[in-house]
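Chemist: Okay, handing you the structure first.
Number of protein chains: 2
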Amino acid sequence: MAEALTPRSQDYAKWYNEVILRAELADYTPVKGCMVIRPYGYALWENIQAGLDRRFKATGHQNAYFPLFIPMSFLQKEAEHVQGFAPELAVVTHGGGKKLEEPLVVRPTSETVIGHLYAQWINSYRDLPLLINQWANVVRWEMRTRLFLRTTEFLWQEGHTAHATEQEAQEETLRMLEVYSDFATRDAAIPVIQGRKSEREKFAGAQTSYTIEAMMGDTKALQAATSHNLGQNFAKAFNIQYLDRQNELQYCWTTSWGLSTRMIGAIIMVHGDDRGLRLPPVLAPVQAIIVPIWKRPEERAQVLAAVEGLKALLGDRVRWQVDDREEYTAGWKFNEWELRGVPVRIEIGPKDVAREQVVLARRDRPGREGKSCVPQAQLVPSLKELLEDIQKNLYRQALEFREQHTQETDDYQEFKEVVAGGFTRAYWCGSPDCEQAIQAETKATNRCIPLEQPEQPAGHCIYCGQPAREQAIFARAY
Amino acid sequence: MAEALTPRSQDYAKWYNEVILRAELADYTPVKGCMVIRPYGYALWENIQAGLDRRFKATGHQNAYFPLFIPMSFLQKEAEHVQGFAPELAVVTHGGGKKLEEPLVVRPTSETVIGHLYAQWINSYRDLPLLINQWANVVRWEMRTRLFLRTTEFLWQEGHTAHATEQEAQEETLRMLEVYSDFATRDAAIPVIQGRKSEREKFAGAQTSYTIEAMMGDTKALQAATSHNLGQNFAKAFNIQYLDRQNELQYCWTTSWGLSTRMIGAIIMVHGDDRGLRLPPVLAPVQAIIVPIWKRPEERAQVLAAVEGLKALLGDRVRWQVDDREEYTAGWKFNEWELRGVPVRIEIGPKDVAREQVVLARRDRPGREGKSCVPQAQLVPSLKELLEDIQKNLYRQALEFREQHTQETDDYQEFKEVVAGGFTRAYWCGSPDCEQAIQAETKATNRCIPLEQPEQPAGHCIYCGQPAREQAIFARAY
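Below, the structure written as structure tokens:
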């Protein structure tokens, strides 16, 4: 039997890495800070992609593919943007054996090169809105990396849109925030808080950044996706203009929004337990693992024949696999598939064959309590119902955990005591100085100013005591 | 009305570029040699991906994602490999504001880094075969670039597999060649010749390379996909070993195979005509374009109401769009959608509304001859049948064209006369010197040694006259 995982309570970071490596989601590579996403992890990413892509297309977006390389001079056209990204750039200086005249940056994000192209594609109001997304790899040179959470190269999607009016751009920004929120909630079973980023935390070059923030299993926060209203900043830097109905030249209003393979890190940390992953059924690469069980050789043929029957019943109605390896015991397999977070295990042994039943064991409720016997004829509807219930239960558990670890306070002494243990909601005056001081004293950052605020806001900044109109969420974060 | 395309007969290269830019498949970017794939072109690529990915998964492959960057030293571990790729490399020398200790190459292909990882993942015969594919971008620094055909960055898939025996690796190599051939034939409606590459033309580091070769509309050849048996070359360079059933350490046998966005260039060149693209229905982003037609304002509501009925009928049974823009005439729209290669146009005007019919116009048969009236109630089955017929017809036309431009000869004088006009099949002794001399004298290269050979081969090399056992296909190529 394989060695047990490090318990989460003992060393959360170690548990996190062990789960990833042993469940074969990803691995390290010889290139510093770059990971390889292994088939099981990539299948999870494909399901994330499918869930998002469907939503992007339903809201009128099309996919395209923009170049990996960006001339260094492009980044410099938007002052805040280059300042934000300059320290993280990977730079190509040689190509085809020669030194390049102008160094090329490996895209850290694509606002600049896309802005340049939009300026050429957009002529009149008839070309608007322009709603494009790309699935791509990006590179940000990170000093300290963590699998999925912060890697030099990562996969993401980046949406880039151009609009005729400020209002349309703002609507788009919030629409995509809602799309991310819906995906996180329904598909990833992760409750999120929609909010606005402070000036200090916003995207370099944005007018306003929005985020969905989730609480991980160690009570830290993780920014799970962002949506930016770029105002006319990039339109002016790249001359994205259109002729309006009165035939007058106007600057566009643009947005961008992204979600990355970080989401996989969030899924691991929100749902995982000391046995390993617990994958939400909607996204799980394998929703049900069939484990045939026998002891005596004469039982073998009988059980495997029954498994053939189950396979025929299941067809492509759920994503299933059979583990009929003979070199491992049933107990070893149970541990293995629990580690890999498969939502339901279907056990079938000689007794079950005789009774024309199977045993369903749910990953989210370990032990006897999570087991039920189901007639084989009822397998598909029972399994579907169970998967839905597990999906809801994972969400409910995550939400309860977050609520248990969220506090509201108006007292800075209390704030300092509780902020290490989860999300702390407090009034904040809006000053970056207060944010910075709070971070210096508590390691907690301003995660967001939630879109949902008290109906009659009235308070004082948790740090400086000045009158404050909005609450913010503070937490230590990934 | 927009200016007509340059006729293919007048300037094929110019026609090709015009079609791509005007159909909005792709565009140039400010980065030399890098293109942007616009939404219409990317939707075509998504359909290509879906057709291939389904086939890869059906043959037991899983997707994964490997790092973009490869340490320079890795490429040097396989001598032929580095020699082949060194002149085309893009090199990252700086990251995060510092000079890197070892320069990183932007992957031109991933055998080396994947070989390194496979060596860690593979321990015993139980881990084999390892069957992984990745969808990714790659970079090869090209001096002369052409949209889709040869760009510095391009998108592709690269399959990488490891096997216990030489025979299994060879079977895999040919299985994937067959998968490509099936995809080209059925989905892209492109007839291909399966063959082996000569030593001179094979992949740098392969033991044997196989190819599918297609004839373009100007009679030139294009390598549409390749599949390589890598023997133990990379296994030895990267120490990919496994313990066999006797507990002895053995080197693996590996393969790799790839198909890129070049395929889009092939689809354009094989099927396109002087009106523009002709997309095979299986891959076309839009299979049917509905063009409502009216003259008098009172007809408008009537026709648009009927269009709503058509939309409900079609649902998601075919991929359709409606062009109800009012700023363009019907004739302008006909040209536009013909340029974009949409297989079927559905016209509906007041008379059709009265008769409860529509007019179907097929892209592959222009003018009156390609039009038919169909009762609205029969729209879906008629349209599906028509799409299938167009798919077959495009394939048939391409095959006929290739057959008309393929000759077999055993006379070098004749060879020199005919080889500029298509594929020439001739016996060849196997010597690289003869290949090279033929290329120098005729500009034609050895495209492949077809898998299908005469039953009782007996001939003499077209160049040197020595006895030769196999025929090869010679042609000018992209």
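So the protein sequences, as listed, match chains V and G. If you count the first sequence from 1, you need to add 114 to reach the numbering used here. If you count the second sequence from 1, you need to add 114 to reach the numbering used here. Ideal placement from N, C-alpha and C gives every residue a C-beta, glycine not left out. Note that the coordinates shown come from a computational prediction; the quantities given were computed from them, not determined experimentally.
Are the beta-carbon atoms belonging to H195(G) and L242(G) less than 9 Å from one another?
Modeler: No; because the gap between Cβ atoms is not below 9 Å, this pair is not in contact.
Chemist: Measuring straight from C-alpha to C-alpha, what distance separates I563(G) and E522(G)?
Modeler: If I take the Cα positions, the gap works out to 13 Å.
Chemist: Thinking Y294(V) and K311(V) are a contact (beta carbons under 8 Å), I'd like their distance in whole angstroms, please.
Modeler: About 14 Å; that fails the 8 Å criterion.
Chemist: Using C-beta distances below 6 Å, list every residue in its chain close to H385(G), excluding the 5 sequence neighbours before and after it, in chain order.
Modeler: So the qualifying residues of the chain are R392, L508.
Chemist: Along the chain, where does the alpha helix (DSSP H) containing V472(V) start, and where does it finish?
Modeler: Unbroken run through V472(V) is the beta strand (DSSP E), 471 to 476; no alpha helix (DSSP H).
Chemist: Within 10 angstroms of the Cβ of M290(G), are there 16 or more other Cβ atoms? Answer buried if so, exposed if not.
Modeler: So M290(G) ends up on the buried side.
Chemist: In whole angstroms, what is the alpha-carbon distance linking L158(G) and A419(G)?
Modeler: Roughly 30 Å between the two C-alpha positions.
Chemist: Verify whether the separation of the beta carbon atoms of T279(G) and W371(G) is less than 9 Å.
Modeler: The answer is no: Cβ separation not under 9 Å.
Chemist: List, in chain order, every chain G residue whose beta-carbon is nearer than 8 Å to that of Q176(V).
Modeler: Neighbours of Q176(V) on chain G, chain order: P153, Y156, A157.
Chemist: Any chance you could list the beta strand (DSSP E) runs of at least 3 consecutive residues sitting entirely within the segment 501 to 541 of chain G, in chain order?
Modeler: Fully enclosed beta strand (DSSP E) runs of 3 or longer: 520 to 522.
Chemist: Does Q337(G) pass the burial test, meaning 16 or more other C-beta atoms within 10 Å, or should it be called exposed?
Modeler: With 16 or more Cβ atoms within 10 Å of its Cβ, Q337(G) is classed as buried.
Chemist: Determine the contact status of Y541(G) and A589(G), defining contact as a CB-CB distance below 9 Å.
Modeler: Not closer than 9 Å, so no.
Chemist: Excluding the 5 residues preceding and the 5 following K425(G) in the sequence, name in chain order all residues of the same chain whose CB lies nearer than 8 Å to its CB.
Modeler: Excluding residues within five positions, the ones whose Cβ falls inside 8 Å are I404, W434, V436.
Chemist: Taking the C-alpha atoms as reference points, what is the distance between K465(V) and V417(V)?
Modeler: Taking the straight line from one Cα to the other gives about 9 Å.
Chemist: G211(V) versus chain G: which residues are under 7 Å apart at the beta carbon?
Modeler: Within 7 Å Cβ-Cβ: P201.
Chemist: Tell me the residue span of the beta strand (DSSP E) that contains N247(V).
Modeler: Its beta strand (DSSP E) spans residues 244 to 253.
Chemist: Any Cβ of chain V within less than 9 Å of the Cβ of L242(G)?
Modeler: No, L242(G) does not count as interfacial toward chain V.
Chemist: For the segment 261 to 293 of chain G, list every residue whose C-beta sits within 8 Å of some C-beta in chain V, in sequence order.
Modeler: If the cut-off is 8 Å between Cβ atoms, the segment 261 to 293 of chain G has T266, E267, L269 near chain V.
Chemist: Between T207(V) and chain G, is there a C-beta pair that is closer than 9 Å?
Modeler: Closer than 9 Å: yes.
Chemist: For M329(G), write down the residues that DSSP places opposite it in a beta bridge.
Modeler: Bridge partners of M329(G): A335(G).
Chemist: Given this structure, state the Cα-to-Cα distance separating P185(V) from E216(V), to the nearest angstrom.
Modeler: Their Cα atoms are separated by approximately 7 Å.
Chemist: Touch check for the segment 211 to 231 of chain G and the segment 171 to 179 of chain V: three-plus C-beta pairs under 8 Å?
Modeler: Counting Cβ pairs under 8 Å, fewer than three are found: no touch.
Chemist: Please check the pair L344(G) and Q321(G), which I expect to be a contact at CB under 8 Å, by giving their CB distance rounded to whole angstroms.
Modeler: Going by Cβ atoms, the distance from L344(G) to Q321(G) rounds to 6 Å, so yes, they are a contact pair.
Chemist: Which residues in the same chain as M115(V) place their Cβ atom closer than 8 Å to its Cβ, once the five residues preceding and following it in sequence are excluded?
Modeler: The predicted position of M115(V) is uncertain, since its pLDDT is 49 and thus under 50; a value taken from the coordinates is nonetheless stated next. Around M115(V): G445, W446, N449.
Chemist: Which value, in whole angstroms, describes the spacing of the CA atoms of A140(G) and I134(G)?
Modeler: When rounded, the distance between both Cα atoms is 6 Å.
Chemist: From this set, E502(G), E566(G), C575(G), Q567(G), which residue's C-alpha is nearest Y526(G)'s C-alpha?
Modeler: Selected option, being the one with the closest Cα: C575(G).
Chemist: On a CA-only basis, which of C148(V), Q518(V), C578(V), I236(V) is nearest T368(V)? Give me that one, please.
Modeler: The shortest Cα separation from T368(V) among C148(V), Q518(V), C578(V), I236(V) belongs to I236(V).
Chemist: Alpha carbon to alpha carbon, how far is F170(G) from E483(G)?
Modeler: Spanning the two alpha carbons is a distance of roughly 40 Å.
Chemist: If we count the other Cβ atoms within 10 Å of its Cβ and call it buried at 16 or more, is L203(V) buried or exposed?
Modeler: Label assigned to L203(V): buried.
Chemist: Using a Cβ-Cβ cut-off of 9 Å, state whether E160(G) counts as contacting chain V.
Modeler: By this cut-off, E160(G) is an interface position.
Chemist: Given this structure, state the Cα-to-Cα distance separating A172(G) from R152(V), to the nearest angstrom.
Modeler: Going from the Cα of A172(G) to the Cα of R152(V) covers about 19 Å.
Chemist: I'd like the list of long-range same chain contacts for T520(V), defined as Cβ closer than 6 Å, with 5 residues on each side in sequence excluded.
Modeler: Correct list, in chain order: G536, F537.
Chemist: List the residues of chain G whose Cβ lies closer than 8 Å to the Cβ of Y126(V), in chain order.
Modeler: Result: empty, since nearest Cβ-Cβ is about 26 Å, beyond 8 Å.
Chemist: Using a C-beta cutoff of 9 Å, does H342(G) count as contacting chain V?
Modeler: False, the Cβ-Cβ gap to chain V never drops below 9 Å.
Chemist: What does the alpha-carbon distance come out to for the pair Q518(G) and V432(G)?
Modeler: Going from the Cα of Q518(G) to the Cα of V432(G) covers about 34 Å.
Chemist: Taking only beta-carbon positions, decide if V405(G) is within less than 9 Å of chain V.
Modeler: For V405(G), the answer is no, since every Cβ of chain V falls outside 9 Å of its Cβ.
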